[in-house]
Amino acid sequence: MKVILAQPRGFCAGVVRAIEIVERALKKYGPPVYVRHEIVHNKHVVESLKKKGAHFVEKLSEVPPDAVTIFSAHGVARSVEEEAAGRGLSVLNATCPLVTKVHNQGKRYVAQGRTLILIGHAGHPEVEGTMGQISGPVVLVQTEEEVETLDIPTDAPVAYVTQTTLSVDDTKGIIAALERRFSDIVGPEISDICYATQNRQTAVRELSRQVDVILVVGAKNSSNSNRLYEIGLETGIPSYLIADSSELQLEWVRDARTVGLTAGASAPEVLVEGVIEALARLGPVEVSVLDGRKETIEFRLPAELASV
Ligand code: SF4
C-alpha cells in the first residue's frame, strides 16, 4: 500500500503558539493554570495538557480567584475580557493573531458606520468571540441563500469579515452573493484570512488526484478538520474523519492501493504517525509526502512568556 501525506498538514502557527502559551504558563507559574474552553479543538492536546496541570473550564466563574487564566486560540467576546478584568484575574491571551486581526477589521468597519456581516458557522466559539468583540450591528451569514433573506436595505453601507477556518474557496460564493445584493460593500483581501486553512485545503484537493481514499486526522468539533473531510468528499474520493488510529476501519482501506493522509490544524503529528503504524500492521506501506507549500510563519508569544 502507498501512503501519501498531504503537505502542509497538522499544526498551524496559531495552534503551536496557543499550546506553547499553556506549557510556558505552567512552567512559569506552576500548576494549576485555568484555560477557558479547549485551548485548541483536539482531545489529545487537551488531555496531555491536563496531565501537566492545566484545568479546562467553559465559564470564567469556574476559575478560582487569583488563578492564571488563559483564553483559547478561538478568541473571546469582550464581555469575557471584562468579566476577567472585573475579577482581577491574571489573563494570558492565546487568541490566534489572525483571529484578532478579524476582530480589528470588524471594529474598523463598524467605526466607519457600516453594518458588519460575519460569514461563519453559528455556535462556533470563534464566531461567538468575533460577534462579541464588536459593539455595533453584526449579522451572521452561513449560506448564499441566507444572503437573500438579510433584513438590511440594499443601499446601506455594509462590510463583511469571515471566520478564519473558512478558506477563500469556502467563502467566495457567499461574498459574490453579498456583492450582488449590496451596492456599498467592502471587505478585506480574502486571500489574507488564514494561510493555514487555505494551504491545508489546497493540499487535500491535490491529494485527492492521487489516492483511492482520504483519511483526515482531526476532532469532530474541529471546524477546519471537518472542512478538509468535506472537501475530500466533494472531490468524489471516499473520505473519513478520524480522531486517531483507533477509529480507522479496515474495510475503508482494504482495497485501496493508495491512501491519502492529512490532519487538521489542531491535530498533532504523532496521531498521523499512529495512523501510518496502523496501516503498516495490515501489510507493507510505502510512505511519501506531497510536494506542497512550505510554511515558515511563526507568531510571537506574549511578552511575559517570551523568555520562559
Ligand atoms: S487555523 Fe489559522 S486562524 Fe486558526 S489558529 Fe491556525 S493560523 Fe490561526
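For the sequence shown, the numbering used here assigns the number -15 to the initial residue and increments by one for each residue that follows. Glycine included, each C-beta is placed from N, C-alpha and C at the ideal position.
- A direct Cα-Cα distance of roughly 43 Å separates isoleucine 5 from arginine 165.
- Taking each of Val195, Val200, Glu173, Ile174 in turn and checking the Cα distance to arginine 184, the smallest one comes out for Val200.
- A residue is called buried once 16 or more other Cβ atoms fall within 10 Å of its Cβ, and proline 137, having fewer, is exposed.
- Counting only residues of its own chain and dropping the five nearest sequence neighbours on each side, cysteine -4 has a CB closer than 6 Å to the CB of Ala180, Ala249.
- In the pairwise beta carbon analysis, the segment 256 to 274 is classified as not touching the segment 18 to 34: fewer than three pairs are separated by under 8 Å.
- For glycine -2, the shortest C-beta to heavy atom distance toward the ligand SF4 is below 7 Å.
- No Cβ-Cβ contact shorter than 8 Å links proline 15 with glycine 276.
- When distances are taken from the beta-carbon of asparagine 88 to the heavy atoms of the ligand SF4, even the shortest one reaches 7 Å or more.
- Given a length threshold of 3 residues, each whole run of the beta strand (DSSP E) inside the segment -11 to 28 is given here in chain order: 17 to 20.
- When only Cα atoms are considered, leucine 289 and valine 122 end up about 34 Å apart.
- Comparing alpha-carbon positions, the option among Leu255, Ala262, Glu253, Gly244 lying closest to alanine -10 turns out to be Gly244.
- In the displayed model, histidine 108 falls within coil according to three-state DSSP, outside both helix and strand.
- Approximately 5 Å separates the beta-carbon atoms of threonine 53 and leucine 73; this is inside 8 Å, confirming the contact.
- Comparing alpha-carbon positions, the option among Ile221, Leu255, Ile215, Ser223 lying closest to serine 230 turns out to be Leu255.
- As DSSP reads the structure, asparagine 77 sits in a beta bridge with Phe55.
- The beta-carbon distance between threonine 79 and phenylalanine 55, rounded to whole angstroms, is 6 Å. This is short enough to meet the 8 Å contact definition.
- With respect to the C-alpha of valine 125, the residue from Arg62, Gly(-6), Ala106, Thr280 having the closest C-alpha is Ala106.
- Residue pairing of isoleucine 226 in beta bridges, as defined by DSSP: Val201.
- Ranked by how close their Cα comes to the Cα of alanine 2, the residues Ser291, Ile118, Ala262, Pro81 have Pro81 in first place.
- In the same chain as arginine 241, and ignoring 5 residues on each side of it, the C-beta atoms closer than 8 Å to its own belong to Met(-15), Lys(-14), Asp196, in chain order.
- In the assembly as shown, serine 207 is a buried residue. Its beta-carbon has 16 or more other beta-carbons within 10 Å.
- DSSP lists Tyr18 as the bridge partner or partners of histidine 39.
- In this structure, the alpha-carbon of lysine 35 lies about 48 Å from that of isoleucine 169.
- Here threonine 146 carries a strand assignment [DSSP, helix/strand/coil].
- Buried is the label assigned to aspartate 154, since at least 16 other Cβ atoms lie within 10 Å of its Cβ.
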